[in-house]
Amino acid sequence: MPDSTIIYEMISAFVLGCMDKENYDYFKNYIDNNGKLPLNDFSEFQILVSLIPTLLEISKPDPKLKDLVAKNILSYQEEIKAKIRADKTATKASTKNVPRTKTKTVSNNISSLKKQTKHSVPKTNAEEKTENKNKAEHKAANTSAKIKGRRNKKPLTLESTEKIKTPQISKSSKTIWYLFLLVLIITIAASIYLYFGKINLENKTAKLNREIVLLKAEMRKESKYIKANKKIVDFLDYNNIDIINLQKKDNSINTSGKLFIAFNKKKALLEAENLPVLPNGKVFQLWLITNDISYPLLKFTHEQGQKFYTMPKLPYVPKSEVDLIRITVEPDSGSEYPTGNTILFGGFPKK
Amino acid sequence: MGKYSNYSDTQLLREIGNYNSRALEELYTRYSPILYTLIKKIADDDKTAEYILVEVFSIIWRKVSNFDTENSNAYVWIITLARNRAIDTVRRNRRDSSEMGFYDDEYENRYIVPTLPKKMKNMDLETALGYQGKIEDALTRLSEAQQYIIHLSYYEGYTLDEMSKKLNLPIEVVRNKVYLAMQDLHNLLFPKGNGD
Chain F
43 MPDSTIIYEM
53 ISAFVLGCMD
63 KENYDYFKNY
73 IDNNGKLPLN
83 DFSEFQILVS
93 LIPTLLEISK
103 PDPKLKDLVA
113 KNILSYQEEI
123 KAKIRADKTA
133 TKASTKNVPR
143 TKTKTVSNNI
153 SSLKKQTKHS
163 VPKTNAEEKT
173 ENKNKAEHKA
183 ANTSAKIKGR
193 RNKKPLTLES
203 TEKIKTPQIS
213 KSSKTIWYLF
223 LLVLIITIAA
233 SIYLYFGKIN
243 LENKTAKLNR
253 EIVLLKAEMR
263 KESKYIKANK
273 KIVDFLDYNN
283 IDIINLQKKD
293 NSINTSGKLF
303 IAFNKKKALL
313 EAENLPVLPN
323 GKVFQLWLIT
333 NDISYPLLKF
343 THEQGQKFYT
353 MPKLPYVPKS
363 EVDLIRITVE
373 PDSGSEYPTG
383 NTILFGGFPK
393 K
Chain Z
3 MGKYSNYSDT
13 QLLREIGNYN
23 SRALEELYTR
33 YSPILYTLIK
43 KIADDDKTAE
53 YILVEVFSII
63 WRKVSNFDTE
73 NSNAYVWIIT
83 LARNRAIDTV
93 RRNRRDSSEM
103 GFYDDEYENR
113 YIVPTLPKKM
123 KNMDLETALG
133 YQGKIEDALT
143 RLSEAQQYII
153 HLSYYEGYTL
163 DEMSKKLNLP
173 IEVVRNKVYL
183 AMQDLHNLLF
193 PKGNGD
């Protein structure tokens, strides 16, 4: 058993679902193979984590989703039925096969036993002689009968024709019967093949449909990503872009930002992530400070999922005269000069 | 009120195991709000959340035989399954898809269907909701860093390695922080000597 702290660290990461794939596989195998674990704590950790979502503010899904679930289940119904049918067929087949095999084995055993008996009983000299004599007599009788038959050949009568024909008719009916059986077997085999082919095709279609839904969802994501990043993609078309990395003033928050400036086009784009939640009646304001004068460049609020903010027009300020860039919190009417707390700030490195 | 409204969550799962669609309907009525809320919190948009919710119930329908009705915990199984499915989608959007592996039946059994301790106290949704106050109290007593780590791993699907890069900390430190956060939460919610 691994060291107890390691085990607890692994349990914690496992129940929180933050293990990487390799460690997850290792730990899952360990659990599946009944590896030693503090089961009570593992169980309580798992319950704890599952209780976290109870704190969320519950919202109900669209009622139409229930129908979608039902439709989805119906699509699996056929798969399940086919599985049940396959199981039943397999059970029947195995039930039928067992006694047959036994019978065959018994009869095989008997015939092999008979064969063994034939070979194993040694013959006496007298018996061998009698047998040889009988064989010779039988051979002679056959030869004389054949000669007689050749001599006594007569024109064929209806009766005799019929007698001759009878075995021919039975032969042809046998052939027809075999043909019929063959056709029947082929028909059954073809039906089974087509039936399972159809089920297979239906399963494949259902699987493809599911993949299409998944792909559509992925495409929605991709287009959302492109939409979200369109501003920066467009902005990067300008030549000579300068970047100012903005630093947070308060280390307890996780905010970060960058200002992209195309001085020759008088354009700028702000990228800001994890901006703090603003109190009511407040906005963020971005300032350019040069020669102790603050120019308000942009007033904005943060919206879910937004991280790029475009500046409508940049005042003419040469790059060398940009002293500082600041983002402050201001009243929502905006300020003429910075009055609130600084969230991010930065400038070009001074030579 | 339907026939199954008096059934416990475990009884419903047992019925679903017999392909009883009415039992699944009752489970949907009971669980869809909390599962939808959880998935919406994890997924990026409502459409994806709706898609995942439908998927979760279809997995319950197909994979309920993996749930041990005698020894396991119905609430934990369902919530963990939904969380796993939602996080998988988020990770697939965040990472190169080849890193995640092809999503097929085998993948679903291994990474989506929950692997729970062999023996657990049973619990249904109603009991779980009864813990709301306690868990809220316990979570708010954790430090901000601990809360952040729990948020990153549970709702954002960050692995230890990814958290280590994001927080610029060695992976051993992150792993230990996760453990300490869980241990503190455990001590606050299940104080020693209280078998609750």
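Chain order of the listed sequences is F and Z. For any residue, its number in this note's numbering is found by taking its place in the first sequence, counting from 1, and adding 42. For any residue, its number in this note's numbering is found by taking its place in the second sequence, counting from 1, and adding 2. Note that CB positions come from ideal geometry on N, CA and C, so glycine has one too. Everything numeric in this text was worked out from a predicted model, so none of it was measured.
Counting only Cβ-Cβ distances shorter than 7 Å, please list the residues of the stretch 316-348 of chain F near chain Z, keeping chain order. none
If I follow the unbroken beta strand (DSSP E) through Ala310 of chain F, where does it start and stop? 309-315
Can Thr332 of chain F and Asp284 of chain F be called in contact, C-beta distance under 9 Å? no
If the cut-off is 9 Å on Cβ atoms, which residues from the stretch 55-66 of chain F count as contacting chain Z, listed in chain order? Ala55, Phe56, Val57, Leu58, Gly59, Cys60, Met61, Asp62, Lys63, Asn65, Tyr66
With DSSP as the reference, label Ser60 of chain Z as helix, strand or coil. helix
Helix, strand or coil: how does DSSP classify Ser23 of chain Z here? helix
How many Å lie between Thr71 of chain Z and Arg16 of chain Z at the Cα? 7 Å
Please decide whether Lys5 of chain Z counts as near chain F, where near means a Cβ-Cβ distance under 9 Å. no
Taking any Cβ of chain F, which residues in the stretch 109-140 of chain Z have a Cβ under 8 Å from it, in chain order? Arg112, Tyr113, Thr117, Leu118, Pro119, Lys120, Lys121, Met122, Lys123, Met125, Ala130, Leu131, Tyr133, Gln134, Ile137, Glu138
In chain order, what residues of the stretch 18-36 of chain Z put their CB closer than 9 Å to some CB of chain F? Tyr21, Ser23, Leu26, Glu27, Tyr30, Thr31, Ser34, Pro35, Ile36
Classification of Gln327 of chain F by the beta-carbon crowding that lies within 10 angstroms, buried from 16 upward: buried
Taking 8 Å as the threshold, find out whether the stretch 61-77 of chain Z comes into contact with the stretch 117-126 of chain Z through three or more Cβ pairs. yes
What's the C-alpha gap between Tyr38 of chain Z and Tyr53 of chain Z? 10 Å
Using 8 Å as the cut-off, can you tell me whether the stretch 109-118 of chain Z makes contact with the stretch 153-171 of chain Z, which would need three or more C-beta pairs spanning the two stretches below that distance? no
Residues sharing a beta bridge with Glu372 of chain F, DSSP: F:Val325
From Glu108 of chain Z to Ser7 of chain Z, what does the alpha carbon distance come to, in whole angstroms? 33 Å
Contact check, Ala183 of chain Z vs Leu144 of chain Z, beta carbons under 9 Å: yes
Close-in-space but distant-in-sequence residues of the same chain around Lys179 of chain Z (CB under 6 Å, 5 per side omitted): Ile151
On the criterion of 16 or more Cβ atoms from any shown chain inside 10 Å, does Ala261 of chain F qualify as buried, or is it exposed? Residue 261 of chain F is actually Met in this sequence, not Ala. So Met261 of chain F counts as exposed.
Leu339 of chain F - DSSP class collapsed to helix/strand/coil: strand
Do the stretch 48-65 of chain Z and the stretch 85-95 of chain Z meet, that is, are 3 or more Cβ pairs less than 8 Å apart? yes
Given a limit of 8 Å on CB to CB distance, which residues of the stretch 244-257 of chain F reach chain Z? Val255, Leu256
Where does Tyr351 of chain F fall in DSSP's three states? strand
Chain-ordered residues of the stretch 90-103 of chain F with a beta carbon less than 9 Å from chain Z: Leu90, Val91, Ser92, Leu93, Ile94, Pro95, Thr96, Leu97, Leu98, Glu99, Ile100, Ser101, Lys102, Pro103
Would the stretch 46-65 of chain F count as touching the stretch 97-114 of chain F if we require 3 or more Cβ pairs under 8 Å? no
Using 9 Å as the limit for Cβ to Cβ distance, is Thr12 of chain Z near chain F? no
Quick check on Glu173 of chain F: buried or exposed, where buried means 16 or more other Cβ atoms within 10 Å of its Cβ? Interpretation of Glu173 of chain F is limited by its pLDDT of 47, a score under 50 that renders its predicted location unreliable; the figure taken from the coordinates is listed afterwards. It is exposed - the Cβ of Glu173 of chain F has fewer than 16 other Cβ atoms within 10 Å.
Would Ile29 of chain F and Phe84 of chain F qualify as a contact pair, given that the criterion is a beta-carbon distance under 9 Å? Any property of residue 29 of chain F remains undetermined from this structure, which presents chain F solely from 43 to 393.
Does the beta-carbon distance from Leu81 of chain F to Pro193 of chain Z come in below 9 Å? no
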